[in-house]
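The structure under discussion appears below in the form of structure tokens.
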Amino acid sequence: MNKRMLSLFVMILLTVQWVTVGVQVNAANPSHEQIKEIIEEVALEKNIPAVILKAIADKESKFRQFTDSGAPFVSNGNTGIMQVNRVHHGTYDVQRLREDLRYNIEAGADILQSKWDWSVVPTIGDGDPNIVENWYFALWAYNSWDGRNNPNIHGSGVYQEELLQLVREKYNQPVTSIDWSLIPRSGTPSGGTQVATPEKHHYAVAEEKKEEKIFVVTRSGGNRSIFRDVADHQQEMYIESIVKEEIMSGVGQELFKPDDLITREQVAKVIVDALDLEVVDETMAVSKIVDWHEVSGWARDFMSIVYQLEIMTGYEDGTLRPSDFVTREQAAVILASGLNTNTMIMTAEPYEDQEKISPWAIDSINELKTLGILQRDNRLRPKDYITRAEFSKWIYYLLRYDSDALRLQ
Numbered sequence: 001m002n003k004r005m006l007s008l009f010v011m012i013l014l015t016v017q018w019v020t021v022g023v024q025v026n027a028a029n030p031s032h033e034q035i036k037e038i039i040e041e042v043a044l045e046k047n048i049p050a051v052i053l054k055a056i057a058d059k060e061s062k063f064r065q066f067t068d069s070g071a072p073f074v075s076n077g078n079t080g081i082m083q084v085n086r087v088h089h090g091t092y093d094v095q096r097l098r099e100d101l102r103y104n105i106e107a108g109a110d111i112l113q114s115k116w117d118w119s120v121v122p123t124i125g126d127g128d129p130n131i132v133e134n135w136y137f138a139l140w141a142y143n144s145w146d147g148r149n150n151p152n153i154h155g156s157g158v159y160q161e162e163l164l165q166l167v168r169e170k171y172n173q174p175v176t177s178i179d180w181s182l183i184p185r186s187g188t189p190s191g192g193t194q195v196a197t198p199e200k201h202h203y204a205v206a207e208e209k210k211e212e213k214i215f216v217v218t219r220s221g222g223n224r225s226i227f228r229d230v231a232d233h234q235q236e237m238y239i240e241s242i243v244k245e246e247i248m249s250g251v252g253q254e255l256f257k258p259d260d261l262i263t264r265e266q267v268a269k270v271i272v273d274a275l276d277l278e279v280v281d282e283t284m285a286v287s288k289i290v291d292w293h294e295v296s297g298w299a300r301d302f303m304s305i306v307y308q309l310e311i312m313t314g315y316e317d318g319t320l321r322p323s324d325f326v327t328r329e330q331a332a333v334i335l336a337s338g339l340n341t342n343t344m345i346m347t348a349e350p351y352e353d354q355e356k357i358s359p360w361a362i363d364s365i366n367e368l369k370t371l372g373i374l375q376r377d378n379r380l381r382p383k384d385y386i387t388r389a390e391f392s393k394w395i396y397y398l399l400r401y402d403s404d405a406l407r408l409q
């Protein structure tokens, strides 16, 4: 091999080695819980509902900044957890997009915000960023502002519809899709188009991690409510009472979301606080719980307590399913288990839908009716998921139960 060829070979070898070293990170992804905390922090900074950013990170990369081998996660030229498109690489530090998870999340949030502000994207309603539905077109544009994401052509399989379905199913956030009839049958809506927010819309306040405060909202007639979305609500009295007693709290600063469903880990927190329960055996392992890693960090103490006290037991497959919603009959069993009163159960007057109650729930329901915690309504709707407002009413009566006199205060 002559000197010229040898020199060329050495240069190529050094170049390959330099490039390899330049992209080799050999890093590991943080836990999903840690990533979600970072996303929530960024969401607060950018005034974007955290559930939106979580769903994007989930759909785009399954929360991966790095591959299993430790290399930066790059797919079709898109980079990192938020899959920042290569067309944006001129705006950002590409190396940091590859190696810095938070920087990548911030970049994704900035890009989404730029789509929200983009003049060619229609405005929804009054542009309130706390309303999840108002992000529909920005989510469309985050992926690609072209006809391939038009639901009138490709149905519910388009990017933004799949993302909203993920928000509903995995993140327990109700959301209503934009009426497809308001969207052109092909192509994209024209810039400057004004689309009404769906009548049934949902707030996902970005400030969900901030210290919660009670805001007073004035209604017609001079009455006052501590949350603007419970004014004139059927369960308003119960909601305000348990919030003031610090058993339940709002979602963000101004909202309670009374008609949203409540999850098992949220129920666990309320029960522990309402009954002032404590850990019985701090050494009791939760390693047998298959999905313990899915329990939110803030909920682990509460879930551990209700599990130890057998107030909330696991399923046959060894899971606790902390993010599952709770049916009304399940909530009744949990409340009765927490009370543990040994009350003489009287056969209560049956509900009109008594036959729909599961056999394992009948004694608990009769006990709560005997104690006056469950009101004697005509229908129980045992299989329906219980809402935050409905659960607040049950907790209101639970707090006023007098175990000595077997009556309500």
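Heads up: the sequence shown at position 302 corresponds to 302 in UniProt numbering, and the numbers run straight through without jumps. Ideal Cβ placement from N, Cα and C applies to all residues, glycine included.
Euclidean distance between Cα positions of residue i and residue j
i           : j       : result
Thr-197     : Glu-316 : 43 Å
Val-84      : Ala-55  : 15 Å
Ile-395     : Glu-329 : 15 Å
Val-120     : Asp-58  : 27 Å
Gln-308     : Leu-320 : 12 Å
Tyr-159     : Ser-287 : 37 Å
Tyr-351     : Leu-53  : 44 Å
Tyr-401     : Ala-274 : 11 Å
Tyr-103     : Ile-35  : 12 Å
Pro-49      : Trp-145 : 21 Å
Ala-138     : Ser-114 : 8 Å
Glu-162     : Glu-40  : 21 Å
Thr-176     : Arg-64  : 28 Å
Glu-99      : Tyr-142 : 22 Å
Asp-27      : Ala-71  : The sequence shown places Ala at residue 27, not Asp. Ala-27 and Ala-71: Cα-Cα distance of roughly 7 Å.
Phe-66      : Lys-393 : 46 Å
Asn-47      : Ala-109 : 9 Å
Glu-33      : Ser-296 : 7 Å
Val-87      : Pro-151 : 25 Å
Asp-299     : Ile-289 : Note that residue 299 corresponds to Ala in the displayed sequence, not to Asp. Spanning the two alpha carbons is a distance of roughly 15 Å.
Asp-68      : Asp-291 : 21 Å
Tyr-397     : Glu-310 : 22 Å
Leu-399     : Arg-185 : 55 Å
Lys-62      : Gln-354 : 43 Å
Glu-169     : Val-267 : 19 Å
Ile-247     : Val-42  : 28 Å
residue 411 : Trp-116 : Residue 411 lies beyond the range of the chain shown here (1 to 409); nothing can be said about it.
Ser-31      : Asp-232 : 42 Å
Ala-405     : Glu-106 : For Ala-405, the pLDDT reaches just 38, beneath the cut-off of 50, and the residue's location in the model is therefore unreliable, although a value from the coordinates is still provided. The straight-line gap from Cα to Cα measures roughly 57 Å.
Ile-111     : Trp-180 : 25 Å
Trp-118     : Pro-174 : 26 Å
Glu-199     : Ala-361 : 36 Å
Glu-37      : Leu-101 : 12 Å
Gly-157     : Phe-227 : 37 Å
Residue-chain proximity (residue i, chain D), Cβ-Cβ < 8 Å
i       : result
Ile-239 : No chain D is present in this structure, which holds just one protein chain.
Sequence-distant residues of its chain with Cβ nearer than 6 Å to residue i (five each side left out)
i       : result
Gly-187 : Gly-147
Val-230 : Glu-236, Ile-239, Phe-256, Pro-258
Pro-382 : Arg-328, Glu-329, Lys-356, Ile-357
Among the options, nearest to residue i - alpha-carbon criterion
i           : options                            : result
Phe-325     : Asp-259, Gln-234, His-293, Asn-340 : Asp-259
Ile-271     : Val-306, Asn-340, Phe-256          : Val-306
Ser-323     : Phe-256, Glu-33, Val-175, Thr-263  : Thr-263
residue 411 : Gly-157, Ser-181, Ala-204          : Outside the displayed range of the chain (1 to 409) lies residue 411, so it cannot be described from this structure.
Ala-336     : Met-312, Ile-178, Glu-106, Ile-81  : Met-312
Asn-134     : Gln-165, Ala-107, His-202, Ile-81  : His-202
Ile-334     : Ile-386, His-293, Lys-356          : Ile-386
Gly-318     : Ala-331, Ala-332, His-293          : His-293
Gly-372     : Ala-332, Ile-105, Met-303          : Ala-332
Leu-164     : Met-82, Lys-356, Trp-140           : Trp-140
Leu-277     : Asn-340, Phe-227, Asp-232          : Asn-340
Arg-388     : Leu-261, Lys-356, Pro-382, Gly-338 : Leu-261
Leu-166     : Val-51, Gly-125, Ala-361, Phe-227  : Val-51
Other residues of its chain near residue i: CB distance less than 8 Å, five sequence neighbours each side excluded
i       : result
Glu-390 : Gln-235, Arg-328
Val-21  : Confidence is the limiting factor: at Val-21 the pLDDT is only 36, short of 50, which leaves the residue's position unreliable, though a coordinate-based value still follows. Answer for Val-21: no residue qualifies.
Glu-245 : Leu-399
Gly-155 : Glu-161
beta-carbon residue i near the ligand ADP non-hydrogen atom, thresh 7 Å
i      : result
Leu-97 : Summarising the ligand content, the structure contains no ligands, and the ligand ADP is consequently not present.
Same chain only: Cβ atoms within 7 Å of residue i, ignoring 5 sequence neighbours per side
i       : result
Met-303 : Glu-265, Ala-268, Val-295, Leu-320, Pro-322
Gly-338 : Ile-271, Leu-275, Ile-311
Gly-125 : Ile-131, Asn-134, Ala-196, Thr-197
Quiz item: How about the stretch 358-365 and the stretch 239-258: do they share at least three Cβ pairs that are nearer than 8 Å?
Solution: Fewer than three Cβ pairs drawn from the stretch 358-365 and the stretch 239-258 lie within less than 8 Å of each other, which leaves the two stretches out of contact.
Quiz prompt | Complete alpha helix (DSSP H) runs within the stretch 21-109 (minimum length 4 residues, chain order) | solution = 32-46, 50-61, 94-99
Quiz item: Quick one: any contact between the stretch 245-259 and the stretch 372-381, if contact means 3 or more CB pairs under 8 Å?
Solution: No contact exists between the stretch 245-259 and the stretch 372-381.
Practice problem: Take every Cβ of the stretch 81-98, pair it with every Cβ of the stretch 129-141, and state whether three or more of those distances are shorter than 8 Å. | Solution: no
Practice problem: Note down, one range per segment and in chain order, each alpha helix (DSSP H) of at least 4 residues found wholly within the UniProt domain "SLH" (286-349). | Solution: 300-308, 328-339
Quiz item: Should the stretch 189-196 be regarded as contacting the stretch 67-81, the criterion being three or more beta carbon pairs within less than 8 Å?
Solution: These segments do not touch.
Exercise. Would you list, in sequence order, the uninterrupted alpha helix (DSSP H) runs of no fewer than 4 residues that lie entirely inside the stretch 149-208?
Key: Runs of the alpha helix (DSSP H) lying entirely within the stretch 149-208, each at least 4 residues long, are 151-154, 159-171 in chain order.
Quiz item: Can you give, in chain order, each stretch of the beta strand (DSSP E) that sits fully within the UniProt domain "SLH" (350-409) and has at least 3 residues?
Solution: Counting whole runs of 3 or more residues, the UniProt domain "SLH" (350-409) contains no beta strand (DSSP E) stretch at all.
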